[in-house]
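**Student:** Before we start, here is the structure in question, set down as structure tokens.
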Amino acid sequence: MTLAAIKERLDLYEKLMRLDKPIGILLLLWPTLWALWLSADGRPDWAVLLVFVLGTVLMRSAGCVINDYADRDFDKHVERTKERPLTAGRVSTKEALALFAVLCLLAFALVLVLRIPLVIWLSIPAVFLAASYPFTKRFLAIPQAYLGIAFGFGIPMAYAAHQGSVPAEAWWLLLANIFWAVAYDTEYAMVDRNDDLKIGIKTSAITFGRFDVAAVMLCYAVTLALIAWVGSTYALGWPFYSALAIAAGVMGLHYTWIRGRERMACFKAFLHNNWVGGIIFAGIALDFLLR
């Protein structure tokens, strides 16, 4: 294989892992960082932090690969996804499965570096959640809730890494992430609703129907309420609650974008959730820094 051919394969693998579209990495990373800072009282172990950041990139990449494998016959009927490498036939199913396995093994190797038994055990359901999520769109009315668990499982793992246990606060924070994921991924699903109806995939945008915008805003509100409650258990102060207020303002802005249900406006709101996660993290980190 020539150097040019190798470069072409790597470019295709990069697109399959969606490294050219980092929004998924960020939406997975922010709740993990919330948990890393809260579980360590604002002073995370830097080795743990590095492992979790790298693990987030690897597992999101693996999730994208298995998602495209599961949806390869559906994606060809969706305008936004029909040119993905696997769907377009530029990458084989064997290549995709091999890439998924390699990414999972690399992520597991990172976990082993920490030598923390509970984190190692929790990594098993984490891989299962990532691998099974794409298939839930065939039978779950709101698969976005399952995505919230998969995208938020770094939360209990972060607590396990720092504290050797998973306290109630971790599970409440995970619940907050589930509601957040339902909110932002419903916005994402609103983009493809017409295509998804034709091919028979289940999404929250379809399930909520004409109440989709109200459901998104309700999920946003519950997200903020749960995060505020978790923050109160750590006696967080004005930097944290100021950040939540700013995040609420951003969510309000999203309402003005999605209420018309226009495809690109809904997609813009989905992408903008990176700011929501980042603002909340900034509030947590600043609160601990100023103590």
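Counting the sequence shown from 1 gives a position; the working numbering is that position plus 1.
Glycine included, every Cβ here is placed at the ideal spot set by N, Cα and C.
T33: which of M60, M18, K22, R10 sits nearest, CA to CA?
**Tutor:** In the sequence shown, counting from the first residue as 1, residue 33 sits at position 32. If we check each option's Cα against that of T33, M60 comes out closest.
**Student:** Check F101 in the structure and name its three-state DSSP category.
**Tutor:** Against the sequence shown, residue 101 aligns to sequence position 100. Residue state, collapsed to three classes: helix.
**Student:** Starting from the N-terminal side, write out each stretch of the alpha helix (DSSP H) that is 4 residues or longer and does not extend beyond the stretch 235–267.
**Tutor:** 239–259
**Student:** Compare the C-alpha of R139 against each of W47, Y235, G201, I7 and name the closest.
**Tutor:** For the purposes of this step, residue 139 is identified with residue 138 of the sequence shown, where counting begins at 1. Per the Cα distances, G201.
**Student:** Mind the definition here: the stretch 88–106 touches the stretch 220–229 only if three or more C-beta pairs lie below 8 angstroms; say whether that holds.
**Tutor:** Result no; under three Cβ-Cβ pairs closer than 8 angstroms.
**Student:** Measuring alpha carbon to alpha carbon, tell me which of G25, A171, D74, P135 ends up nearest T234.
**Tutor:** For the purposes of this step, residue 234 is identified with residue 233 of the sequence shown, where counting begins at 1. The option with the nearest alpha carbon to T234 is A171.
**Student:** Just how far apart, CA to CA, sit A48 and Y256?
**Tutor:** Start at 1 with the first residue of the sequence shown, and residue 48 comes out as number 47. Start at 1 with the first residue of the sequence shown, and residue 256 comes out as number 255. A direct Cα-Cα distance of roughly 39 angstroms separates A48 from Y256.
**Student:** Nearest-angstrom Cα distance between L176 and K77?
**Tutor:** Position 175 of the sequence shown, counted from the start, is the residue given in the question as residue 176. Position 76 of the sequence shown, counted from the start, is the residue given in the question as residue 77. The alpha-carbon separation between L176 and K77 amounts to approximately 34 angstroms.
**Student:** Can you tell me whether DSSP reads T88 as helix, strand or coil?
**Tutor:** Position 87 of the sequence shown, counted from the first residue, corresponds to residue 88. Residue state, collapsed to three classes: coil.
**Student:** Flag this pair as yes or no: are the beta carbons of C65 and L13 separated by less than 9 angstroms?
**Tutor:** As a working mapping, residue 65 is identified with position 64 in the sequence shown. As a working mapping, residue 13 is identified with position 12 in the sequence shown. For C65 and L13, no; Cβs fall outside 9 angstroms.
**Student:** Which stretch, first to last residue, makes up the alpha helix (DSSP H) that contains R61?
**Tutor:** Locating residue 61 in the sequence shown gives position 60, where the first residue counts as 1. Where R61 is concerned, the enclosing alpha helix (DSSP H) stretches over 47–71.
**Student:** Which residue comes first and which comes last in the alpha helix (DSSP H) that contains G201?
**Tutor:** Taking the sequence shown and counting its residues from 1, the one referred to as residue 201 is at position 200. G201 -> no alpha helix (DSSP H), and no H or E assigned at all.
**Student:** Which residue from R81, C105, L104, D69 puts its Cα closest to that of R91?
**Tutor:** Counted from its first residue, the sequence shown places residue 91 at position 90. It is D69 whose Cα lies nearest to the Cα of R91.
**Student:** Find out if the Cβ-Cβ distance for the pair L28, A131 is shorter than 9 angstroms.
**Tutor:** Within the sequence shown, numbered from 1, the residue matching residue 28 stands at position 27. Within the sequence shown, numbered from 1, the residue matching residue 131 stands at position 130. No, they are not a contact pair.
**Student:** Looking only at its own chain, which residues have a Cβ that is under 8 angstroms from the Cβ of P45, when we skip the five neighbours before and after it?
**Tutor:** As a position in the sequence shown, residue 45 is number 44, starting the count at 1. Its chain contains L37, W38, H163 as the residues whose beta carbon lies nearer than 8 angstroms to that of P45, once the 5 sequence neighbours on both sides are disregarded; these appear in chain order.
**Student:** Can you tell me whether DSSP reads M297 as helix, strand or coil?
**Tutor:** Outside the displayed span of the chain (2 to 292) sits residue 297, for which this structure offers no information.
**Student:** Need the endpoints of the alpha helix (DSSP H) that V128 sits in, please.
**Tutor:** Locating residue 128 in the sequence shown gives position 127, counting from the first residue. Start and end: 118–137.
**Student:** Using C-beta distances below 6 angstroms, list every residue in its chain close to T94, excluding the 5 sequence neighbours before and after it, in chain order.
**Tutor:** By 1-based counting over the sequence shown, the position of residue 94 is 93. Cβ neighbours of T94 beyond the five flanking positions: none.
**Student:** On the three-state DSSP scale, how would you describe P168?
**Tutor:** For this step, residue 168 is matched to residue 167 along the sequence shown. P168 falls in the coil class under three-state DSSP.
**Student:** Measure the alpha-carbon distance for L110 versus D213 and round it to whole angstroms.
**Tutor:** Residue mapping note: residue 110 aligns to position 109 of the sequence shown, counting from 1. Residue mapping note: residue 213 aligns to position 212 of the sequence shown, counting from 1. It should be pointed out that residue 110 corresponds to Ala in this sequence rather than to Leu. Distance between the alpha carbons of A110 and D213 is about 41 angstroms.
**Student:** Select from W35, G43, L4 the residue whose C-alpha is nearest the C-alpha of P291.
**Tutor:** Locating residue 291 in the sequence shown gives position 290, where the first residue counts as 1. It is Leu, not Pro, that sits at residue 291 in the sequence shown. Closest by alpha carbon: G43.
**Student:** Measuring CA to CA, which of W122, A146, M158 is closest to S133?
**Tutor:** Numbered from 1 along the sequence shown, position 132 holds the residue referred to as residue 133. For S133, the nearest C-alpha among the options comes from A146.
**Student:** Comparing C-alpha positions only, which one of R211, G279, H273 sits nearest to D186?
**Tutor:** The residue given as residue 186 occupies position 185 in the sequence shown. With distances taken between Cα atoms, D186 lies closest to H273.
**Student:** Taking V299 as the reference, which of N178, G261, L141, S124 has the closest Cα?
**Tutor:** This structure does not reach residue 299, given that the chain is present from 2 up to 292, and the question cannot be answered.
**Student:** To the nearest angstrom, report how far apart F75 and I280 are at their CA atoms.
**Tutor:** Against the sequence shown, residue 75 aligns to sequence position 74. Against the sequence shown, residue 280 aligns to sequence position 279. Here the alpha carbons of I280 and F75 stand approximately 35 angstroms from one another.
**Student:** Taking only three categories from DSSP, how would you classify I24?
**Tutor:** Against the sequence shown, residue 24 aligns to sequence position 23. Residue state, collapsed to three classes: helix.
**Student:** Are the CB atoms of G149 and N178 nearer to each other than 9 angstroms?
**Tutor:** Along the sequence shown, read from residue 1 onward, the residue named residue 149 stands at position 148. Along the sequence shown, read from residue 1 onward, the residue named residue 178 stands at position 177. Against a cut-off of 9 angstroms, the Cβ pair of N178 and G149 comes out as a contact.
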